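Going down the list, the sequences are from chains A and B. Residue numbers for the first sequence follow our numbering, so the first one is 9 and each next one is one higher. Residue numbers for the second sequence follow our numbering, so the first one is 26 and each next one is one higher. Even glycine gets a Cβ: it sits at the ideal position worked out from N, Cα and C. All figures in this text were calculated on a predicted structure; none of them were measured in a lab.
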Amino acid sequence: MELILSLLQQMCVYLVLAYMLSKTPLFLPILSISSHRKHRYLVYVVFSSFCILGTYFGLQIDDAIANTRAIGAVIGGLLGGPVVGFAVGLTGGLHRYSLGGFTDVACAISTTLEGLIGGLMHVYYVRKNKSLDIFNPWKVGVITFIAELFQMAILLTVAEPFEKSYALVSAIAAPMVIANSVGAALFISILSDKKTIFEKYSATFSRRALTIADRSVGVLTSGFTPVNAEKVARIIYEETNVGAVAITDKEKILAFIGTGADHHLPNTPISSSSTMESLNNNKIVHLDGAERPYQCTLNKNCPLGSVLIIPLHSGSEVVGTIKLYEPKRKFMSTVTLSMAEGIAQLLSSQIVYGAYQQQKDLLSQSEIKLLHAQVNPHFLFNALNTISAIIRRDPKRARELVLSLSRFFRINLKQNTAVVTLKEEINHVNAYLAIEKARFAERLQVAIKCDDAAMSALLPSFTLQPLVENAVKHGISQRIEGGLLTLNVRCTPDNHIHILVEDDAGLYKPQKEQHAGLGMDIVDKRLVHQFGQQSGLVIEYRTNQFTRMSFSIPHTYHHEG
Amino acid sequence: MTKNSAFRALVIDDEPLAREELCQLLNETNEVQVLAEAANAIEGLTLVKQHCPDVIFLDIEMPQLSGLDMLAMLDLDTMPYVVLVTAFEQYALQAFEDNAFDYLLKPVEPERLNKTLTRLKKRTQPQTDIDAIAPTTLLHIPCVGHQRILLLPESDIHFAYSDVAGVHVKTLEQQADTQLTLKTLEERTALVRCHRQYLVRLSCVAEVKLLDNGLATLLMKTGDSVPVSRRYLKKLKALLEL
Chain A
9 MELILSLLQQ
19 MCVYLVLAYM
29 LSKTPLFLPI
39 LSISSHRKHR
49 YLVYVVFSSF
59 CILGTYFGLQ
69 IDDAIANTRA
79 IGAVIGGLLG
89 GPVVGFAVGL
99 TGGLHRYSLG
109 GFTDVACAIS
119 TTLEGLIGGL
129 MHVYYVRKNK
139 SLDIFNPWKV
149 GVITFIAELF
159 QMAILLTVAE
169 PFEKSYALVS
179 AIAAPMVIAN
189 SVGAALFISI
199 LSDKKTIFEK
209 YSATFSRRAL
219 TIADRSVGVL
229 TSGFTPVNAE
239 KVARIIYEET
249 NVGAVAITDK
259 EKILAFIGTG
269 ADHHLPNTPI
279 SSSSTMESLN
289 NNKIVHLDGA
299 ERPYQCTLNK
309 NCPLGSVLII
319 PLHSGSEVVG
329 TIKLYEPKRK
339 FMSTVTLSMA
349 EGIAQLLSSQ
359 IVYGAYQQQK
369 DLLSQSEIKL
379 LHAQVNPHFL
389 FNALNTISAI
399 IRRDPKRARE
409 LVLSLSRFFR
419 INLKQNTAVV
429 TLKEEINHVN
439 AYLAIEKARF
449 AERLQVAIKC
459 DDAAMSALLP
469 SFTLQPLVEN
479 AVKHGISQRI
489 EGGLLTLNVR
499 CTPDNHIHIL
509 VEDDAGLYKP
519 QKEQHAGLGM
529 DIVDKRLVHQ
539 FGQQSGLVIE
549 YRTNQFTRMS
559 FSIPHTYHHE
569 G
Chain B
26 MTKNSAFRAL
36 VIDDEPLARE
46 ELCQLLNETN
56 EVQVLAEAAN
66 AIEGLTLVKQ
76 HCPDVIFLDI
86 EMPQLSGLDM
96 LAMLDLDTMP
106 YVVLVTAFEQ
116 YALQAFEDNA
126 FDYLLKPVEP
136 ERLNKTLTRL
146 KKRTQPQTDI
156 DAIAPTTLLH
166 IPCVGHQRIL
176 LLPESDIHFA
186 YSDVAGVHVK
196 TLEQQADTQL
206 TLKTLEERTA
216 LVRCHRQYLV
226 RLSCVAEVKL
236 LDNGLATLLM
246 KTGDSVPVSR
256 RYLKKLKALL
266 EL
């Protein structure tokens, strides 16, 4: 009976150690069931130490030691697997062996076996997909119980002489079996409790963070405006239970929700110097109300007593702040502190995305507008000048040119269609070339070859005409002797259409002629946007010989009506 | 006004119909006699030299050398009255106006053309400051080679000289004739006068041989020797830091 008590005492020391272990950063990797080598090594070291401690804490009885070594061995095996269990057992066993006594061999063997049993149970649970059972104190207790029975059996069979070992076993069997089983069960229970608490804490934390993320998603993407800021501030206020939430831009308060809303009014300039400090230095300012007091600059009786100010970014630029307040009687929890940073990051990325999205929309709109605006006045007035010359001697031809010119402008002004048939694009090109041919006379030679089968294919509007205009404006018309413009449209065997615009002036200069470059850039972007990277504009040139612009589009059929 | 006392004009435009239209309008005024038409600035330079017109109608947008480039290449002493013609030159128009350059917009209105002719009759030669609208330094020198026109980069030219046949420029590889005068070249390039008939690029001088009686000879990297007259020797020495 006395033995039971002292062994239980020993076990308590053990459990205190287990509790301390659960306080260290070691416990999480130990508790995760993984086959990571580093993690297994850690389990081996920790539980071998427990095993050896168990021997040292043991009570000397007739040249033998009653001990709690089994706890370390079994749990080491359970957490680390058979190899680790065997190694922990062997280490503990060899250590026990080194201390001598008539049970030394038996103890060494039995401890190794206990580690192995733990390890085999680990394999069993993992295979059965019940790895959570490893942390079940009852099951651990039973396993240790059985392991201890094995130990007693080994003691009886291995230790000599039998009478002596029989006497020993009858004295220590019950205390050791009880102490080890209960100890192992409590040991694992302490570790798993800690694990549960930690997981619950992270789960609550993540759930709150995710709820905020989920509710606020997309709100700020339509712009960092007072309306959107108020929506977000309300969500954060509701989800974090802080005293008040404010969002500011760089000059004024965009939104304020919570205690003190009576005098912290949206759309008023930022009055607190700490907010300006956060904005200007791009850093988090925390006035905790204790070490750094917070006093509302607007109202002396303001109930708010502490504030956390976190800058919001759009890219690398600070665009505003988010402020969380707590009333005077309450301090800000650490959970709120760390979550607030996450919230600020979340909002920042939304602001960036919003800005990006808006820019993208603007860009495509302005691109189309730009293309329309690119009907350059030079072209228009030169065309009119040409027509006015032709009227004198060939009114019929002049009439044709006027029709070409109006056809050209009619297509140009069709602002709403993003996608047109190749036939329409060719019409646009023909109307344009009719004028240019009249202007430049024999200096502009044109060779057009088009596969009729390709005419129904769809492509973004303003893709072909700008290429032709570019070849005339920056190519052929810039050469004194003029040149030949070639337009080729052909169907390829792989069901694509290849379109080539070539001039033999060869005056293309990459990235130099800003204006021309921009026009070609837009054509390229529109093609890539519609058909993907493989349809981008390909530009080849040889100075003074040719400039070749080509692209390939998939042959999609267009059915009228 | 009779044809004899009419203004002698050149029309320089790269578009044939635009030339035709302007010539027609000019003829209709009965005050202008179009001597010739040029389809580009280089032809234009030749014609200006050949005809010494009273007035040139000069299109701005032309291949290789624009009307403004050509303006910079005209000899200031024999400069005709210049009327710039353009379809649309948003920003430049203001510049023309500010610098009292006469300009016409295409399509040309007869009333507007009459105004130009009225000004011309008063002989108010307003174009005093070509630099305000034309490039002050020439990047290319238009030259007439073997039946073709070429634009030599200014920096390739080692020296230029004039003789009875005209003005010649010499690069490392070739010699070519240009319509520009030595005076224009001196004013608008990095070439330096060393003799009444010679301009040299200082960085292309290989050797200076000082002779008696204040003369010298420059040995050029092209292998040619270029004379230095007494009048320019002192200035040249200073420039070469001798």
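Please identify the residue among A/C458, A/F158, A/V427 whose C-alpha is closest to the C-alpha of A/S469.
Counting from one through the first sequence, the residue named residue 469 of chain A turns up at place 461. When each option's Cα is compared against that of A/S469, the closest is A/V427.
Would you call the CB atoms of A/S356 and A/I317 closer than 7 angstroms?
Position 348 of the first sequence holds residue 356 of chain A. Position 309 of the first sequence holds residue 317 of chain A. No.
Once you ignore the five residues that flank A/S560 on each side, which residues in its own chain have a CB closer than 8 angstroms to its CB?
Working through the first sequence from its first residue, we reach residue 560 of chain A at position 552. The residues are T500, H504, I505, H506, I507, Q542, S543.
Closer than 8 angstroms by beta-carbon distance: list the chain A residues that pair up with B/Q89, in chain order.
In the second sequence, the residue the question calls residue 89 of chain B occupies position 64. Residues of chain A passing the Cβ test: Q486, R487, I488.
What residues of chain B sit near A/N420, judged by a beta carbon separation below 7 angstroms?
Along the first sequence, read from residue 1 onward, the residue named residue 420 of chain A stands at position 412. Going along chain B, no residue has its Cβ under 7 angstroms from A/N420, so there is no contact; the nearest lies around 17 angstroms.
Let me know the beta strand (DSSP E) ranges lying completely inside the region 38 to 124 of chain B, each 3 residues or longer, listed in chain order.
Listed in chain order, the complete beta strand (DSSP E) runs (minimum 3 residues) inside the region 38 to 124 of chain B are 57 to 63, 80 to 84, 106 to 111.
DSSP three-state call for A/Y49: helix, strand or coil?
Along the first sequence, one-based indexing puts residue 49 of chain A at 41. Three-state DSSP puts A/Y49 in a helix.
Chain A residues whose Cβ lies nearer than 7 angstroms to that of B/P41
Translated into the one-based positions of the second sequence, residue 41 of chain B becomes position 16. Here the neighbours are A449.
Where A/G297 sits in the DSSP three-state scheme
Start at 1 with the first residue of the first sequence, and residue 297 of chain A comes out as number 289. DSSP places A/G297 in coil when its eight states are reduced to three.
If contacts are defined as beta-carbon pairs under 8 angstroms, then A/T152 and A/A78 qualify, I think. What distance do you get, rounded to the angstrom?
Here residue 152 of chain A corresponds to residue number 144 of the first sequence, with the count starting at 1. Here residue 78 of chain A corresponds to residue number 70 of the first sequence, with the count starting at 1. That belief holds up - the Cβ atoms of A/T152 and A/A78 are roughly 6 angstroms apart, short of 8 angstroms.
Look at the alpha carbon of A/I243 and the alpha carbon of A/K208, and state the distance between them as a whole number of angstroms.
The residue you call residue 243 of chain A lines up with position 235 of the first sequence. The residue you call residue 208 of chain A lines up with position 200 of the first sequence. So the two alpha carbons sit approximately 23 angstroms from each other.
Please list the partners that B/N65 has in chain A, where partner means a Cβ-to-Cβ separation under 9 angstroms.
Residue 65 of chain B sits at position 40 when you count from the first residue of the second sequence. Near B/N65 (Cβ distances below 9 angstroms), the residues of chain A are I488.
Sequence-distant residues of the same chain with beta carbon closer than 8 angstroms to B/L118, five excluded per side
Looking up residue 118 of chain B in the second sequence gives position 93. Excluding residues within five positions, the ones whose Cβ falls inside 8 angstroms are T111, Y128.
A/Y105 (DSSP reduced to helix, strand or coil):
Walking along the first sequence from the start, residue 105 of chain A turns up at place 97. A/Y105 falls in the helix class under three-state DSSP.
CB contact check: B/A61 to chain A, cutoff 7 angstroms
Within the second sequence, numbered from 1, the residue matching residue 61 of chain B stands at position 36. No, B/A61 does not count as interfacial toward chain A.
Counting only runs that start and end within the region 114 to 202 of chain A, where is the alpha helix (DSSP H) found for 4 or more residues in a row?
145 to 166
Spatial distance of B/K260 from B/L267 (CA atoms):
Here residue 260 of chain B corresponds to residue number 235 of the second sequence, with the count starting at 1. Here residue 267 of chain B corresponds to residue number 242 of the second sequence, with the count starting at 1. Cα to Cα, the separation comes out at about 10 angstroms.
Per-residue contacts from A/A446 into chain B (C-beta, under 8 angstroms):
One-based indexing of the first sequence puts residue 446 of chain A at position 438. In chain order: L42.
At least one CB of chain A closer than 7 angstroms to the CB of B/I37: is that the case?
Here the question's residue 37 of chain B lines up with position 12 in the second sequence. Not closer than 7 angstroms to any Cβ of chain A, the Cβ of B/I37 fails to qualify, so no.
Neighbourhood of A/D257 by C-beta distance below 7 angstroms, restricted to the same chain and skipping five residues each side:
Position 249 of the first sequence, counting from 1, holds the residue named residue 257 of chain A. F232, V327, G328, listed in sequence order.
Contact set between B/I81 and chain A, taken where Cβ atoms lie within less than 8 angstroms
Here the question's residue 81 of chain B lines up with position 56 in the second sequence. Correct list: empty, because the minimum Cβ distance to chain A is about 18 angstroms.
From the DSSP output, read off the bridge partner residues of A/C428.
As a working note, residue 428 of chain A is residue 420 in the first sequence. Before going on, a small fix: residue 428 of chain A reads as Val here, not Cys. Secondary-structure assignment with DSSP links A/V428 through a beta bridge to A/L467.
Starting from the beta carbon of A/S560, find every residue of chain B whose beta carbon is closer than 7 angstroms, and list them in chain order.
Walking along the first sequence from the start, residue 560 of chain A turns up at place 552. Close partners of A/S560 in chain B (Cβ separation under 7 angstroms) are lacking, with about 32 angstroms as the shortest Cβ gap.
What are the residues of the region 124 to 141 of chain B that lie near chain A, defined by any Cβ-Cβ distance shorter than 9 angstroms?
L130, K131, P132, V133
Any idea what DSSP makes of B/V133, helix, strand or coil?
The residue labelled residue 133 of chain B in the question sits at position 108 within the second sequence. Coil, per DSSP.
Would the region 128 to 135 of chain A and the region 59 to 68 of chain A be scored as touching if the rule is three or more Cβ pairs under 8 angstroms?
no
Is the shortest distance between the beta-carbon of B/E198 and the beta-carbons of chain A less than 7 angstroms?
One-based indexing of the second sequence puts residue 198 of chain B at position 173. Output row for B/E198: interface = no.
Any chain B beta carbon closer than 7 angstroms to A/L493
Within the first sequence, residue 493 of chain A is the residue found at index 485, counting from 1. A/L493 does not count as touching chain B.
Just to make sure I have the definition right: I need the residues of chain B whose C-beta is within less than 9 angstroms of the C-beta of A/H386. Which are they?
Residue numbering aside, residue 386 of chain A sits at position 378 when the first sequence is read from its first letter. Near A/H386 (Cβ distances below 9 angstroms), the residues of chain B are E86, T111, A112, F113, E114.
Just how far apart, CA to CA, sit A/P33 and A/V53?
Position 25 of the first sequence, counting from 1, holds the residue named residue 33 of chain A. Position 45 of the first sequence, counting from 1, holds the residue named residue 53 of chain A. Going from the Cα of A/P33 to the Cα of A/V53 covers about 15 angstroms.
Can you list, in chain order, the residues of its chain with a C-beta nearer than 6 angstroms to that of A/D512? Leave out the 5 residues immediately preceding and following it.
Reading the first sequence from its first residue, position 504 is the one you call residue 512 of chain A. Answer for A/D512: G491, L492, F554, listed in chain order.
In the region 391 to 402 of chain A, which residues sit with their C-beta less than 8 angstroms from some C-beta in chain B, listed in chain order?
L392, N393, T394, S396, A397, I398, R400
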